[in-house]
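*Asks:*
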Amino acid sequence: MTHPYAASAEEHQELEWLGGGVMRVLLDGERTGGRLAMFRSQAPAGAASPAHVHSREDEIFVLLRGSAVFWIGARRFEAGEGSVAFLPRGVPHAYRITEDADLFAVSTPAGLENFFRGAGRDLRTPRPAAFEITPATMAAAAAANGQTVLGPPLPLDGVLPRTGSDATGVPYVARAEAHETLEWIGGGLLRILLTAEHTGGQLAMFRSSAPAGAASPVYAHAHEHEIILMLSGSGVYWVGEHRHELRPGGLVLVPPGVPMAHRITEDAETLALTTPGGLEAFFRTVGRDVRAPRPHGWEIDRALLGRAAGATGQTVLGPPPDVDDLIALP
421 MTHPYAASAE
431 EHQELEWLGG
441 GVMRVLLDGE
451 RTGGRLAMFR
461 SQAPAGAASP
471 AHVHSREDEI
481 FVLLRGSAVF
491 WIGARRFEAG
501 EGSVAFLPRG
511 VPHAYRITED
521 ADLFAVSTPA
531 GLENFFRGAG
541 RDLRTPRPAA
551 FEITPATMAA
561 AAAANGQTVL
571 GPPLPLDGVL
581 PRTGSDATGV
591 PYVARAEAHE
601 TLEWIGGGLL
611 RILLTAEHTG
621 GQLAMFRSSA
631 PAGAASPVYA
641 HAHEHEIILM
651 LSGSGVYWVG
661 EHRHELRPGG
671 LVLVPPGVPM
681 AHRITEDAET
691 LALTTPGGLE
701 AFFRTVGRDV
711 RAPRPHGWEI
721 DRALLGRAAG
731 ATGQTVLGPP
741 PDVDDLIALP
C-alpha cells in the first residue's frame, strides 16, 4: 500500500449476495498491494454461508448492526451489534444472520474479493433471468480461490462438520461490552476491537465516536498504514496535499510517512484499521480507560500527544487544521 487512496460510498463495487443482500468491495488487493481487502455487506435475516474453510486468508468480521450466529471450529458464538471475530486461515467456520445485519469484513492477505466477484453479480450489470447463488456456484468460486466448502448452511442448532484443522493462529471473538474503551479527543470514545496480540501482529482495529469539532493534529505514522471508514456523520480528512470530505461509506487509505489529519464536522462514528498492529499502544498512552476514575484536570493536550507519538513511532507535525485549510507538507 504505497499510494494514498480515497473513495466515497458511491464508488464502491456492489455485488448481489447471499439471501438477496448486497456485498460492497471497499478495498481490493489492487489498492493495497495485496496486503488486505475490505468488504461491507447488508444481509437480511436468514442469509447464511455454507460451512467452509480458507487456505490463504485470515478473515475478520465486525457486526455493525443486527445479530448473527457464527460457528468457529467447535465453538458457536451468538454475535450482536459491535461483536468482532478474528478467524485464522485453516479454521472451519460459517454464519447465519438472525436479524437484518450490516457486516464489515477484512481478509488478509487480499484475494477474497475474487471469490465474492466469482459467486456474486455486479449490480451495475443486467440481471440474467436464471441468475442464482447456489451451492454449486459457491463451491466453484471457492475452489478457484483457495477455499473449501465443507457443507451446506447450518440450522441454528447445527454443528460444523468435523475436519482436520490446519489453523495457523488462534481464533478470537468478543462482544461489544468486552472491548477496551478509552476517552479520546474532543470527549469522544475509542474502542479497541482488535490488537496485534489478537492478529499475530498483522493489524489492529478501532471504532470511534467523536462529536462535531473534534480534530487531530497533523501527524504521520512511521510504520503503519491506516484505513478509516466513515460509518455515520461527516468529517474532513487531510491526506498529504489532498483534502477529502467524508460522509457515511467513504474511506481513506494513508501509507506510512504521509502527513494526515482530520476534523469532524458532524457527530461521527468511524472504523479504523492499522497494519501492522501496534498502534493500540499509542491510544492507550494518550486515552483514558473509562473503567478508571477520571483524574481531576485530566485532558488530552498536544504535549501528551507528542510524548506518546515519539514513544510509539508517530510524529506530530502541527496543530489541527481549520476545516478549509490545506496542510503544509514537510
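When the letters of the sequence shown are read in order and numbered with our numbering, they come out as residues 421 to 750. Even glycine gets a Cβ: it sits at the ideal position worked out from N, Cα and C.
Excluding sequence positions up to five away, which residues of its chain have a Cβ less than 6 Å from the Cβ of A630?
*Replies:* These residues qualify, in order along the chain: G606, G608, I684 and A688.
*Asks:* What is the DSSP secondary structure of G486, counted as helix, strand or coil?
*Replies:* Three-state DSSP puts G486 in a strand.
*Asks:* Unbroken alpha helix (DSSP H) runs of length 4 or more, entirely within the stretch 504 to 591: which are they?
*Replies:* You should have 532 to 539 and 555 to 564.
*Asks:* Can you tell which of G439, V445, W437 and E436 has its C-alpha closest to the C-alpha of L671?
*Replies:* Answer by Cα proximity: V445.
*Asks:* Between the C-alpha atoms of L613 and L693, what's the straight-line distance to the nearest angstrom?
*Replies:* Each residue's alpha carbon lies about 10 Å from the other.
*Asks:* For the beta strand (DSSP E) containing A640, name the first residue and the last one.
*Replies:* Counting along the chain, the beta strand (DSSP E) containing A640 begins and ends at V638 to H641.
*Asks:* Would you kindly check if the distance between the Cβ of P470 and the Cβ of G566 is under 8 Å?
*Replies:* Against a cut-off of 8 Å, the Cβ pair of P470 and G566 comes out as no contact.
*Asks:* Between the stretch 696 to 710 and the stretch 672 to 681, are three or more C-beta pairs nearer than 8 Å?
*Replies:* In short, these stretches do not touch, since the Cβ pair count stays below three.
*Asks:* Could you check whether the stretch 546 to 553 touches the stretch 487 to 497, counting it as contact only if at least three pairs of C-beta atoms, one from each stretch, sit closer than 8 Å?
*Replies:* Taking 8 Å as the limit for Cβ pairs, the verdict is that the stretch 487 to 497 does not touch the stretch 546 to 553.
*Asks:* Taking the alpha helix (DSSP H) that T732 belongs to, which residues open and close that run?
*Replies:* Where T732 is concerned, the enclosing alpha helix (DSSP H) stretches over R722 to T732.
*Asks:* From the DSSP secondary-structure annotation, give me the bridge partner or partners of H664.
*Replies:* According to DSSP, H664 bridges with Y657.
*Asks:* Taking only the alpha-carbon atoms, compute the straight-line gap between E600 and V579 and give it to the nearest angstrom.
*Replies:* Cα to Cα, E600 sits roughly 31 Å from V579.
*Asks:* What does a CB cutoff of less than 6 Å around A559 pick up in its chain, not counting 5 residues either side in sequence?
*Replies:* Result list for A559: V569, in chain order.
*Asks:* Residues in the same chain with beta-carbon distance under 7 Å from L724, minus the five sequence neighbours each way, listed in chain order, please.
*Replies:* Contacts found: V706.
*Asks:* What number of angstroms, rounded off, separates the C-alpha of A556 from the C-alpha of S503?
*Replies:* Near 31 Å, if we compare the C-alpha coordinates of S503 and A556.
*Asks:* Who are T601's beta bridge partners in DSSP?
*Replies:* DSSP, once it has assigned bridges, lists R611 as partnering T601.
*Asks:* By alpha-carbon positions, which one of L749, R537 and E436 ends up nearest to L447?
*Replies:* Ranking L749, R537 and E436 by Cα distance to L447 puts R537 first.
*Asks:* Looking at the structure shown, is V706 part of a helix, part of a strand, or coil, going by DSSP?
*Replies:* Three-state result, V706: helix.
*Asks:* Quick test of the definition: if touching needs 3 or more C-beta pairs under 8 Å, does the stretch 471 to 481 touch the stretch 430 to 437?
*Replies:* They do not touch, by the three-pair rule.
*Asks:* Which value, in whole angstroms, describes the spacing of the CA atoms of A426 and Y657?
*Replies:* Approximately 10 Å, taken between the alpha carbons.
*Asks:* Grab the span of the alpha helix (DSSP H) containing T452 for me, first residue to last.
*Replies:* Unbroken alpha helix (DSSP H) run through T452: G449 to T452.
*Asks:* In terms of DSSP beta bridges, what is H472 paired with?
*Replies:* Note: H472 sits in a beta bridge opposite H513 and V569.
*Asks:* Could you tell me which of D520, A521 and F490 sits nearest to F506, measuring between CA atoms?
*Replies:* Residue F490 is the option with its Cα nearest to F506.
*Asks:* Rounded to whole angstroms, what is the Cα-Cα separation between R544 and L523?
*Replies:* So the two alpha carbons sit approximately 22 Å from each other.
*Asks:* What would DSSP say about A751, mapped onto helix, strand or coil?
*Replies:* Outside the shown range of the chain, which is 421 to 750, sits residue 751, and nothing can be said about it.
*Asks:* Starting from the Cα of I647, find the closest Cα among R509, L456 and E431 and give me that residue.
*Replies:* Minimum Cα distance to I647 is reached at L456.
*Asks:* Taking N534 as the reference, give the member of S487, A564 and P741 with the closest Cα.
*Replies:* Closest option to N534, Cα to Cα, is A564.
*Asks:* Which residue's Cα is closest to the Cα of T690: A632, G698, A467 and V736?
*Replies:* Comparing Cα-Cα distances from T690 to each of A632, G698, A467 and V736, the minimum goes to A632.
*Asks:* Which residues in the same chain have their Cβ closer than 7 Å to the Cβ of V678, if we skip the five residues on either side of it in sequence?
*Replies:* Taken in chain order, the residues that qualify are P424, A640, V659 and G660.
*Asks:* Taking Cβ positions, are T588 and E644 nearer each other than 8 Å?
*Replies:* No.
*Asks:* If you run the structure through DSSP and keep just helix, strand and coil, what is L673?
*Replies:* Three-state DSSP puts L673 in a strand.
*Asks:* Check whether the Cβ atoms of P703 and L602 sit closer than 8 Å, and answer yes or no.
*Replies:* According to the sequence provided, residue 703 is Phe. The question's Pro does not apply to it. Yes; because the gap between Cβ atoms is below 8 Å, this pair is in contact.
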